[in-house]
Amino acid sequence: MLVPQVMVPGLTQSIAFCMNRGNPVRMSEHRENPRLRIRIVFGERGMIGPGKAELLERIDSAGSIAAAGRAMGMSYKRAWMLIETMNAMFREPVVESTRGGAQGGGARLTDTGHKVVAAYRAFEAEAACRGEAHLAELQGLLVDISGGK
1 MLVPQVMVPG LTQSIAFCMN RGNPVRMSEH RENPRLRIRI VFGERGMIGP
51 GKAELLERID SAGSIAAAGR AMGMSYKRAW MLIETMNAMF REPVVESTRG
101 GAQGGGARLT DTGHKVVAAY RAFEAEAACR GEAHLAELQG LLVDISGGK
């Protein structure tokens, strides 16, 4: 049985490392291999997917909603709207922000925010590990376009 060990976010191709009987197994990373993009829908409460997870990770590293949004090519307004949506979705806020001023503003992930990112990335890694054979089967059924046609 494969159990997720580490997920390396931020790569064009997600590369997951799984454990198979205690030995690390590196999953395929060829450009032709399919990418798994998981969106978890919690009914009317909302959803979380790779974009929101990345936004949280970027806020965590940059300490700023504006900088995180810019790095992802989105406006501050859009980034703030996504954060407000997630803050309302969970029992406790995922991001806390402070206004600018003499000390400057900023944002940080709360403990809940860190838990949300960790749980999402673990779920993503486990799905990638357990689904690799099925993805390979689906890929084998695709039309061959290597000849450029």
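The opening position of the sequence shown corresponds to residue 1 in full-length UniProt numbering, with each subsequent residue numbered one higher.
The C-beta atom is built at its ideal place from N, Cα and C for all residues, glycine as well.
For clarity, every value in this text was computed on a predicted model and none was experimentally measured.
Asked                                                                                                 : Found
Coarse secondary structure for residue 91, derived from DSSP in three states                          : coil
C-alpha gap between residue 50 and residue 56, whole angstroms                                        : 10 Å
Proximal residues to residue 40 (C-beta, below 8 Å), its chain only, five neighbours per side dropped : 47, 48, 49, 120, 123
Option in 71, 88, 65 with minimal Cα separation from residue 77                                       : 65
Beta-carbon spacing of residue 53, residue 62 below 7 Å                                               : no
Whole-angstrom C-beta distance between residue 107 and residue 97, which should lie under 8 Å         : 4 Å
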